[in-house]
Every structure is written in structure tokens, then in C-alpha cells.
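Numbering (the numbering used here), first residue to last: 1 to 80. Note that beta-carbon positions come from the ideal geometry of N, C-alpha and C, so glycine has one too. Here the structure is a predicted model, which means the values were calculated and not measured. Heads up: the structure comes next, in C-alpha cells.
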């Protein structure tokens, strides 16, 4: 499992490093943002408290993922 995670991370980093135009980065950020908004809509419809907490954490994780992708792409542009 750890090997698969490392390989996925390396593949993502390579894709971002090769993404000079920022198109791939923007697609990822858009996808994470859209999914986070969908989760928040579900939360606003009303869910049990336990599910609300899980959805809130999931939404925060999606937002954090978008931020990480943006920061990683920027750093790769500086070093590349």
C-alpha cells in the first residue's frame, strides 16, 4: 500500500512538473473545488450530526488537496 501511495505521489509530481501551462493543475484544482462544493451542498441539506462531521472533514480535505496542488505546482515552477 505504501509503495502504491509513493508511486501515485511521484506520478502526480511528474505530471505537475511537466505542466508548464498550468492546465493540469487547474483541472485538478477545479475537480477538488467542485467536489468540495458538492459535499457542502449535501451538508446544507441536513444530515445526522455524525455524518455532518465526516462530510465537513472530507470537504476540508478536498480544499486542502487543492491548495497542496497549487503550492506544489508553484514550487516546481521555481525549481524547474
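Cβ-Cβ distance between residue 21 and residue 66 below 9 Å | Working through the chain shown from its first residue, we reach residue 21 at position 21. Working through the chain shown from its first residue, we reach residue 66 at position 66. Cβ atoms of residue 21 and residue 66: not closer than 9 Å.
First and last residue of the uninterrupted alpha helix (DSSP H) at residue 69 = The sequence position of residue 69 within the chain shown is 69, counting from 1. Segment 49 to 79, the alpha helix (DSSP H) holding residue 69.
Around the C-beta of residue 41, are 16 or more other C-beta atoms found within 10 angstroms, so that it is buried, or is it exposed?
-> As a first step, residue 41 must be located in the chain shown, where it is residue number 41. Its Cβ having fewer than 16 others within 10 Å, residue 41 is exposed.
So, do the segment 71 to 79 and the segment 51 to 63 have three or more beta carbon pairs nearer to each other than 8 Å?
-> no
Residue environment, residue 14, which counts as buried when at least 16 other CB atoms sit within 10 Å | For the purposes of this step, residue 14 is taken as residue 14 along the chain shown, with counting starting at 1. Classification for residue 14: exposed.
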